[in-house]
Amino acid sequence: MKDNTDQKTSRDAAWRVELREAITARERTSIPRATMPMLDAAARVHNNEEVNRGLDAVQAVTEATRCLDCPDPQCVTGCPVGIDIPGFIKNIQRGDFAAAASVLRATSALPAVCGRVCPQEKQCESRCLYNKMKKPAVAIGWLERFAADTERLSGRRAPVEKAPRRNIKIAIAGSGPAGLACAGDMIKLGYDVTVFEALHEIGGVLKYGIPEFRLPNAVVDAELDSLRQLGVEFRKDCVIGRTLSYEDLLNEGFRAVFVASGAGLPRFMGIPGENLIGVMSSNEYLTRINLMGAGRGGMTPVCTGRRVAVVGGGNTAMDSVRTARRMGAERAMIVYRRSEAEMPARAEEVAHAKEEGVEFLTLCNPIEYRGDERGHVRSMIVQRMELGEPGPDGRRSPVAIPGATDEIEVDEVIVSVGVSPNPLIPDSIAGLEVSRRGTITVNDDMQSSIPAIFAGGDIVRGGATVILAMGDGRKAAAAIHHYLSTGM
Ligand SMILES: Cc1cc2nc3c(=O)[nH]c(=O)nc-3n(C[C@H](O)[C@H](O)[C@H](O)COP(=O)(O)OP(=O)(O)OC[C@H]3O[C@@H](n4cnc5c(N)ncnc54)[C@H](O)[C@@H]3O)c2cc1C
Ligand code: SF4
2 MKDNTDQKTS
12 RDAAWRVELR
22 EAITARERTS
32 IPRATMPMLD
42 AAARVHNNEE
52 VNRGLDAVQA
62 VTEATRCLDC
72 PDPQCVTGCP
82 VGIDIPGFIK
92 NIQRGDFAAA
102 ASVLRATSAL
112 PAVCGRVCPQ
122 EKQCESRCLY
132 NKMKKPAVAI
142 GWLERFAADT
152 ERLSGRRAPV
162 EKAPRRNIKI
172 AIAGSGPAGL
182 ACAGDMIKLG
192 YDVTVFEALH
202 EIGGVLKYGI
212 PEFRLPNAVV
222 DAELDSLRQL
232 GVEFRKDCVI
242 GRTLSYEDLL
252 NEGFRAVFVA
262 SGAGLPRFMG
272 IPGENLIGVM
282 SSNEYLTRIN
292 LMGAGRGGMT
302 PVCTGRRVAV
312 VGGGNTAMDS
322 VRTARRMGAE
332 RAMIVYRRSE
342 AEMPARAEEV
352 AHAKEEGVEF
362 LTLCNPIEYR
372 GDERGHVRSM
382 IVQRMELGEP
392 GPDGRRSPVA
402 IPGATDEIEV
412 DEVIVSVGVS
422 PNPLIPDSIA
432 GLEVSRRGTI
442 TVNDDMQSSI
452 PAIFAGGDIV
462 RGGATVILAM
472 GDGRKAAAAI
482 HHYLSTGM
């Protein structure tokens, strides 16, 4: 006899067969894709409220009905952690939203977060069968968010099974998605888990980087609360490698350490004028505003320019430029050296930025910033570019057009051209192997050159995604459990 979980997810379960037979494929595929309810662009640039409001139950059930419950669902192969996508979607279609959430939780530690920030259009949705029919993919991300939000708002999360306490202490350095996912799995396995966080807030980039208009803090806080309820201890304002060394952790009785300290070291371009007042990294800009409340009565100041240029084309650049609009910038510009087609940011973020009046200066590369007599940035010189041959990553490389430069007036420049791994922990532990890029070197089980130290997320990948960081955290938890159980 199949167990209860199987009955909730198995494609052969009677209820699921019935759902498949209730309506023809032709009828399913003629249902239009749901439209996400959104805040009006003109109004939302004056507040920090979440832009996407989420599907309601009727919309979600209708969207779930579009899913064909494929026998070999390619959407699952596009998910970095292999979520049982048709399994959760069909539970939404039959109205069992709690079961849908528990299917998600079996694989994803933070479904409400991933439903909001994962690049589904490049992952699961890009493999959905609907693409082959030249129709818009099933809105998998919006359905994930719906199931997770419905569970959170109901206040009735399915009870978590926890192994008996082992009295073995595990330390986790960093409280971003990698650290939180590892903490969740380790506590369920019966370990005593302490997460050490350098900042005064838990959540990593989910709190200090991604703005509330895309990921409300309340969503992250709900996940933190459930980890606390399970017994995870959080120690804030504690910098591993400075406040406490690896040896201190061993002396405190921690038997293994998971390093999840992220990639928060901003990169600059090394061009003249980067030291002018008003030029800063996106990391500094977003941290001051999101974490320290700058511009909203917080104690931290931040420049608020009238003409703000954000250099870069990734998610961080979009978050910065949309934040600048909300901080009152009259002219908020993305300055990007390739064309829009090569932008790494999510298509949805680019569309939202445009709706909010952001200007896109593509094929433009800053080569110098100029300041006034008080050392404040006043303009930027940009080199006009054209696209050349594709580089090793398949993207066409930008090539300077000789003699084609422009001067653009700016009061503030936010540099968002990439990040490097935080070096503090790697630098503080003798014998810990790191790559030339400064990432911690790990084997397939996320184990470093020191057997008791595991690592994952951006400190290993050097700037990736939430779902990959979370997947690393879960993989590391299984490997730490194996290591502590077998000594290998
Ligand atoms: C602005 C922005 C927007 C993004 N948008 C998206 C998106 O839409 N979708 C997506 O999938 N990804 C996005 N990303 C990338 C994603 O957020 C990261 O890949 C992910 O957060 C990495 O998780 P992590 O746990 O490895 O590290 P982080 O989230 O960076 O967390 C690391 C934590 O470790 C702490 N720490 C560092 N050093 C120490 C130390 N020595 N001791 C103790 N604690 C320490 C840090 O303070 C931090 O809290 C975005 C990133 C940024 C910056
Ligand atoms: S590929 Fe698309 S239609 Fe098929 S199971 Fe996945 S979401 Fe449903």
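Mapping to the working numbering: the sequence shown position 409 is 410, numbers consecutive.
Backbone N, C-alpha and C define an ideal beta-carbon position, used for all residues, glycine too.
Burial state of residue i, where buried means 16 or more other Cβ atoms lie within 10 Å
i, result
"residue 85", "buried"
"residue 319", "buried"
"residue 384", "buried"
"residue 28", "exposed"
"residue 44", "exposed"
"residue 195", "buried"
"residue 58", "exposed"
"residue 154", "exposed"
"residue 276", "exposed"
"residue 391", "exposed"
"residue 482", "buried"
"residue 374", "exposed"
"residue 270", "exposed"
"residue 23", "exposed"
"residue 284", "buried"
"residue 186", "buried"
"residue 521", "The displayed coordinates of the chain run from 2 to 489. Any statement about residue 521 would go beyond what the structure contains."
"residue 435", "buried"
Residue from the options whose Cα sits closest to the Cα of residue i
i, options, result
"residue 52", "59, 58 and 42", "42"
"residue 278", "428, 212 and 412", "412"
"residue 386", "177, 435, 405 and 97", "405"
"residue 227", "474, 466 and 158", "158"
"residue 110", "484, 476, 485 and 481", "476"
"residue 323", "14, 203, 341 and 350", "350"
"residue 258", "169, 315, 206 and 273", "169"
"residue 237", "231, 177 and 218", "177"
"residue 438", "341, 266 and 91", "266"
"residue 368", "341, 381, 360 and 359", "381"
"residue 134", "93, 67, 247 and 151", "67"
"residue 468", "73, 312 and 113", "113"
"residue 250", "128, 76, 345 and 197", "197"
"residue 221", "203, 235, 121 and 450", "203"
"residue 77", "336, 333 and 128", "128"
"residue 184", "167, 211, 232 and 449", "232"
"residue 136", "360, 30, 56 and 282", "30"
Cβ shell of residue i (< 7 angstroms), same chain only, five flanking positions each side left out
i, result
"residue 95", "16 and 20"
"residue 304", "279 and 413"
"residue 296", "290, 303, 305 and 328"
"residue 264", "420, 421, 422, 423, 459, 460, 463 and 464"
"residue 105", "84, 89, 112, 145, 148 and 149"
"residue 376", "277 and 278"
Short Cβ contact (8 angstroms threshold) for residue i with residue j
i, j, result
"residue 165", "residue 124", "no"
"residue 63", "residue 32", "yes"
"residue 457", "residue 149", "no"
"residue 253", "residue 49", "no"
"residue 378", "residue 268", "no"
"residue 147", "residue 61", "yes"
"residue 370", "residue 273", "yes"
"residue 162", "residue 142", "no"
"residue 152", "residue 115", "no"
"residue 441", "residue 286", "no"
"residue 326", "residue 46", "yes"
"residue 364", "residue 399", "yes"
"residue 1", "residue 130", "Residue 1 lies beyond the range of the chain shown here (2 to 489); nothing can be said about it."
Residues near residue i by beta carbon distance below 8 angstroms, same chain, minus five either side
i, result
"residue 331", "307 and 308"
"residue 396", "339 and 343"
"residue 1", "What the structure shows of the chain is the stretch from 2 to 489, and residue 1 is not part of that stretch, so it cannot be assessed."
"residue 300", "293 and 294"
"residue 87", "12, 68, 70, 71, 74, 76 and 77"
"residue 389", "397, 398, 399 and 400"
Contacts around residue i, its chain only, beta-carbon distance under 6 angstroms, and the 5 residues preceding and following it disregarded
i, result
"residue 242", "425, 426 and 429"
"residue 209", "288, 291 and 292"
"residue 179", "261, 457, 458, 470, 473 and 474"
"residue 486", "none"
"residue 247", "430"
Short CB-CB distance (under 8 angstroms) between residue i and chain B
i, result
"residue 316", "Among the chains of the structure shown, chain B does not appear; only one protein chain is present."
Contact belief for residue i with residue j at Cβ below 8 angstroms, rounded distance in angstroms
i, j, result
"residue 182", "residue 471", "4 angstroms"
"residue 117", "residue 225", "Not a contact, Cβ separation roughly 16 angstroms."
"residue 138", "residue 69", "Not confirmed; about 11 angstroms, so no contact."
"residue 478", "residue 190", "7 angstroms"
"residue 316", "residue 354", "Incorrect: roughly 11 angstroms between the Cβ atoms, too far for contact."
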